[in-house]
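Enquirer:
2 protein chains.
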Amino acid sequence: MRNPLEELVGFQLVRTAGIGLRTVNAAYGDLAIRHPDAAVMMVIEANPGISQSAIGRMLKIQRSNMVPIISRLSDRGWIERNPGRGKAIGITVSPQGQAMMPQLHAASREGEARLAAGIGPDVYAQLLEVLRKIA
Amino acid sequence: MRNPLEELVGFQLVRTAGIGLRTVNAAYGDLAIRHPDAAVMMVIEANPGISQSAIGRMLKIQRSNMVPIISRLSDRGWIERNPGRGKAIGITVSPQGQAMMPQLHAASREGEARLAAGIGPDVYAQLLEVLRKIA
DNA sequence: ATTCTATGCTATTGACTATAGCATAGAATC
DNA sequence: GATTCTATGCTATAGTCAATAGCATAGAAT
Chain B
-7 MRNPLEELVG FQLVRTAGIG LRTVNAAYGD LAIRHPDAAV MMVIEANPGI SQSAIGRMLK
53 IQRSNMVPII SRLSDRGWIE RNPGRGKAIG ITVSPQGQAM MPQLHAASRE GEARLAAGIG
113 PDVYAQLLEV LRKIA
Chain L
-7 MRNPLEELVG FQLVRTAGIG LRTVNAAYGD LAIRHPDAAV MMVIEANPGI SQSAIGRMLK
53 IQRSNMVPII SRLSDRGWIE RNPGRGKAIG ITVSPQGQAM MPQLHAASRE GEARLAAGIG
113 PDVYAQLLEV LRKIA
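Protein chains in written order, with the numbering used here: chain B, -7 to 127; chain L, -7 to 127.
Have a look at this one:
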């Protein structure tokens, strides 16, 4: 059986991303967090006081789609919202969130390790290189 | 502002796939078809008489999720279902579908071209190489 | 003072995936 | 030959995430 999609980057990219997504989300299993929320947490940690619009720009998430993410993280007590510039709200990781971050980073590393193991370390490195060029 | 996700393949992959997906789907605009259906059409064309389970295995789509795709393509008159082995149904591209396929291939090539233009031809080639290794 | 821009938010829709379960057609086994 | 096993097609449902349109407000710019 022939797969005519092999040389189509568009399809291969989506399919490969599916594998990566499932691997990463599986690694977050115990934390009950999914990759968008995890990504947002890491961005806030690295940029205290950032606005949610700015997070969205960095992660290519639209403003309207940021709302439920931030609400969820706030409900869990992982972030705090303080007045920012203009109508913007400065977001920081709460003490409770700080206490959780090591687990999140560990799960992230675990997911990457499984991914690397799945596709081979050399291919993993090459993939990262290409993706960084695109970013 | 620092992006802490740069070295995480999992996130970068998902994000990059989003770009690829939007580019490809945009190229299919006039045909009113989305990438999963387009991919299924190409697989059927390349493997006449294939069962829908086999298509799903090739494209990493679950059996249950194949059902609406095949129904949609059948409703549009692009495929035909004939008895196959066991309970399986042999699927082929209908004459009407055959007449449409050139447009689909053209749209696919267009999408790939836009993708290549967007990320640069050299990066495109490198990306394809890595993705094929993973597949 | 008025216009412009950015931000946060609501509401809704759509695309795709994941899970669990059911019924049937052959193949395999005893 | 009867029974078990496996593969297939299908239903139903829920969940995840993205896309679109629109609203109100806080400052900046003019």
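Where a beta carbon is used, it is the ideal one built from N, C-alpha and C, also for glycine.
For clarity, every value in this text was computed on a predicted model and none was experimentally measured.
Looking at chain L, which residues of the segment 70 to 85 of chain B have a Cβ within less than 7 Å of any of its Cβ atoms?
Expert: none
Enquirer: Based on the DSSP output, what are the partners of B:P75 in its beta bridges?
Expert: Numbered from 1 along the first sequence, position 83 holds the residue referred to as residue 75 of chain B. Paired residue(s): B:I81.
Enquirer: For B:I47, does the three-state DSSP call read helix, strand or coil?
Expert: The sequence position of residue 47 of chain B within the first sequence is 55, counting from 1. DSSP places B:I47 within a helical segment (H, G or I) once states are collapsed to three.
Enquirer: Bridge partners of L:I42, per DSSP?
Expert: The count along the second sequence starts at 1 and reaches residue 42 of chain L at position 50. L:I83.
Enquirer: Of all the options B:A9, B:Q90 and B:I71, which has the alpha carbon lying nearest to the alpha carbon of B:I81?
Expert: If you number the first sequence from 1, residue 81 of chain B lands on position 89. The shortest C-alpha separation from B:I81 is found at B:I71.
Enquirer: Report yes or no: is there a C-beta of chain B within less than 9 Å of the C-beta of L:N(-5)?
Expert: Position 3 of the second sequence, counting from 1, holds the residue named residue -5 of chain L. Against chain B, the CB of L:N(-5) has a partner CB under 9 Å away; the residue lies at that interface.
Enquirer: Since B:E102 meets chain L, which of its residues come closer than 7 Å, beta carbon to beta carbon?
Expert: For this step, residue 102 of chain B is matched to residue 110 along the first sequence. In chain order: nothing, as chain L lies at least about 11 Å away.
Enquirer: Mind checking if B:Q54 is an interface residue toward chain L, Cβ cutoff 9 Å exclusive?
Expert: For the purposes of this step, residue 54 of chain B is taken as residue 62 along the first sequence, with counting starting at 1. Not closer than 9 Å to any Cβ of chain L, the Cβ of B:Q54 fails to qualify, so no.
Enquirer: Would you check if the distance between the CB atom of B:V6 and the CB atom of L:L119 is smaller than 9 Å?
Expert: As a working note, residue 6 of chain B is residue 14 in the first sequence. As a working note, residue 119 of chain L is residue 127 in the second sequence. The answer is no: Cβ separation not under 9 Å.
Enquirer: So which residues of chain B does L:I25 contact, with C-beta pairs closer than 9 Å?
Expert: For the purposes of this step, residue 25 of chain L is taken as the residue at position 33 of the second sequence. Within 9 Å Cβ-Cβ: nothing; L:I25 doesn't reach chain B, min ~13 Å.
Enquirer: Let me make sure I understand the geometry here. Which of L:V16, L:L(-3) and L:R(-6) has the alpha-carbon closest to that of L:L107?
Expert: Here residue 107 of chain L corresponds to residue number 115 of the second sequence, with the count starting at 1. The shortest Cα separation from L:L107 among L:V16, L:L(-3) and L:R(-6) belongs to L:V16.
Enquirer: On the DSSP letters alone, give me the boundaries of the alpha helix (DSSP H) that L:Q118 sits inside.
Expert: To locate residue 118 of chain L, count along the second sequence from 1; it is residue 126. Residues P113 to I126.
Enquirer: Is the segment 96 to 105 of chain B close to the segment 15 to 31 of chain B, with three or more CB pairs under 8 Å?
Expert: Because the criterion of three Cβ pairs below 8 Å is met, the segment 96 to 105 of chain B and the segment 15 to 31 of chain B touch.
Enquirer: So what's B:M(-7) in DSSP terms, helix, strand or just coil?
Expert: Position 1 of the first sequence, counting from 1, holds the residue named residue -7 of chain B. Correct three-state label for B:M(-7): coil.
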